[in-house]
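Going down the list, the protein sequences come from chains A and B.
The first sequence finishes on residue 196 if you use the numbering used here, and the numbering steps up by one all the way, no holes.
The second sequence finishes on residue 196 if you use the numbering used here, and the numbering steps up by one all the way, no holes.
Take a look at the structure set out below.
2 protein chains.
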Amino acid sequence: MTMNAISNTRQQIIDTALQLLMQRGMNGFSYRDISEPLGIKNAAVHYHFPSKAKLVKSLIRESHQALRKGTAEFMAYGGPARPQLEGLFEFTLKQCECGRPVCVAGALSVDFEELSKGTKEALNRFMMDTLDWFTRVLETGREQGEFQFNGNARNKAISIMAMIQGARQFARIHGHKALECTFEQIRTDLGIES
Amino acid sequence: MTMNAISNTRQQIIDTALQLLMQRGMNGFSYRDISEPLGIKNAAVHYHFPSKAKLVKSLIRESHQALRKGTAEFMAYGGPARPQLEGLFEFTLKQCECGRPVCVAGALSVDFEELSKGTKEALNRFMMDTLDWFTRVLETGREQGEFQFNGNARNKAISIMAMIQGARQFARIHGHKALECTFEQIRTDLGIES
DNA sequence: TCATTTCCTTACTTGTAAGTAAGTATAGAG
DNA sequence: CTCTATACTTACTTACAAGTAAGGAAATGA
């Protein structure tokens, strides 16, 4: 292979692996599943990511950054809450449609005990970050009168995130209708007429 | 080995495998992980369950039956709704405490595409059954004035089940507080003061 | 008591996953 | 032009997972 300007093999590996992780879980894919479609050899993957553990850790970091950057439009702190909520719904639907039935955290929750301490922490930070953002959205939404709900905003955030997480799993078994039902229910619970 | 009155090896295999499935997912355990702690040989597991696919299918059936029988107290159709809801919460907490962080459906959702058609259907029936029961609980609860919520009872049932499913995953990464927060939120959303 | 069935064991085969060691081609620095 | 780093390949090792074939011991039934 020629050494094309700033080789993108590393990024291609990440993209392919991320897709595989979300579709099949950590123990559901091998280095071969990554290398073959990219037309490279097994050992090339090991060159970039010496062990699978390090690969997975990189995938979490990647997801974390993607959520921060790629979704910056609707994740802006301080803006109106309703479009941010709808942005999250759209983002989730889009993920499912392009073959990412569960999020990284969902995919890894099954294999959680196998992960190293550092990887567990990375996963935890990822979730915490998302949760902090969403708690804010709910808080400002309630203050501005966009949403109505009782109780603690953080609890509500946890429960809604759990709901979406669960709905994605559900959708895989039951079809995407489960996802739409859930979004509809979240809106109803927040006192939004759609 | 002596042929002890109605050998319970088969049941021991199911128990061990179910625990492993819930803790590590379908691709996270091997026949060796089952046989070793039981003090039997690998091939003994194959004697009872010729292939892993058949083993997993049996585990779904087992879970389905366990949910029907073992939880018959609180799953009784027609009784008051509130204790049935609390029964579900207690059952879920107990499962998590005895090392079953996710339910069978949650564990298998990652590996769903690997499953045979028949196994997928079995999993679907299992979920449908649970959902039917829970929809009834919500309906009668609302009729009797025990619960307050807007919208379709089935949608609500789907969304709450998804929430519990997701919360179990969450709890694994975040600790069991996530589970309690979620239960509290469900009560709040149903207009129950705790 | 002899044959059969049940429930296992011993001893294998085959496949694949993770990882490594050593070598090769290319680009760019000096 | 040579040296070095980068980005790979070829060719391997080790380990383990899934599954099978053949055989053996105990209970059961005729």
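Just so it is clear, CB atoms sit at the ideal spot from N, CA and C, and this is done for glycine as well.
Just so it is clear, the structure is predicted and the values come from calculations on it, not from any experiment.
Three-state class that DSSP yields for residue i in the structure shown
i                : result
GLU182 (chain A) : helix
THR4 (chain A)   : Per-residue confidence for THR4 (chain A) stands at a pLDDT of 43, beneath the threshold of 50, marking its modelled position as unreliable; no derived number is given.
GLY89 (chain B)  : helix
GLY153 (chain B) : coil
ASN44 (chain A)  : helix
ARG170 (chain B) : helix
CYS100 (chain B) : coil
LEU22 (chain A)  : helix
ASN10 (chain A)  : coil
PRO52 (chain B)  : coil
GLY177 (chain A) : coil
SER65 (chain B)  : helix
PRO82 (chain B)  : coil
PHE31 (chain B)  : coil
ILE160 (chain A) : helix
GLU148 (chain A) : coil
ILE15 (chain A)  : helix
ILE194 (chain A) : coil
Contact with chain B by residue i, beta-carbon distance below 8 Å
i                : result
MET129 (chain A) : yes
ASN29 (chain A)  : yes
THR121 (chain A) : no
GLU115 (chain A) : yes
GLN86 (chain A)  : no
PHE136 (chain A) : no
HIS66 (chain A)  : no
GLY93 (chain A)  : Residue identity differs from the one stated: residue 93 (chain A) is Phe in this sequence, not Gly. Not closer than 8 Å to any Cβ of chain B, the Cβ of PHE93 (chain A) fails to qualify, so no.
LYS158 (chain A) : yes
SER111 (chain A) : yes
HIS176 (chain A) : yes
SER153 (chain A) : One detail in the question is off: residue 153 (chain A) reads as Gly in this sequence, not Ser. Judged by the 8 Å Cβ criterion, GLY153 (chain A) is in contact with chain B.
ASP191 (chain A) : yes
GLN171 (chain A) : yes
GLY108 (chain A) : yes
Residue range of the alpha helix (DSSP H) that includes residue i
i                : result
GLY108 (chain B) : 106-111
GLY120 (chain A) : 119-145
GLU75 (chain B)  : 74-77
Residue-chain proximity (residue i, chain A), Cβ-Cβ < 8 Å
i                : result
ILE166 (chain B) : yes
ARG70 (chain B)  : no
CYS183 (chain B) : yes
LYS147 (chain B) : In the sequence under discussion, the amino acid at residue 147 (chain B) is Gly, which differs from the Lys named in the question. So no, GLY147 (chain B) is outside the interface.
GLU38 (chain B)  : no
GLU186 (chain B) : yes
THR132 (chain B) : no
VAL104 (chain B) : yes
LEU125 (chain B) : yes
GLN25 (chain B)  : yes
ALA180 (chain B) : yes
SER161 (chain B) : yes
Distance between beta carbons of residue j and residue i, contact taken as under 8 Å
i                : j                : result
VAL104 (chain B) : VAL112 (chain A) : 7 Å
THR142 (chain B) : MET163 (chain B) : 17 Å between Cβ atoms; not a contact.
HIS50 (chain A)  : ARG12 (chain A)  : 5 Å
ASP191 (chain B) : ASP191 (chain A) : 6 Å
ALA46 (chain B)  : SER37 (chain B)  : 6 Å
THR184 (chain A) : MET165 (chain A) : 6 Å
MET129 (chain B) : HIS176 (chain A) : 7 Å
VAL1 (chain A)   : GLN97 (chain A)  : In the structure as shown, chain A starts at 3 and stops at 196, and residue 1 (chain A) therefore has no counterpart that could be examined.
ALA124 (chain B) : ARG63 (chain B)  : 7 Å
LEU23 (chain B)  : LEU61 (chain B)  : 6 Å
SER149 (chain B) : ILE188 (chain B) : Before going on, a small fix: residue 149 (chain B) reads as Phe here, not Ser. Not confirmed; about 10 Å, so no contact.
ILE160 (chain B) : PHE172 (chain A) : 7 Å
Check whether the region 76-83 of chain B touches the region 77-96 of chain A, taking contact to mean three or more Cβ pairs, one atom from each stretch, closer than 8 Å. Touching, no.
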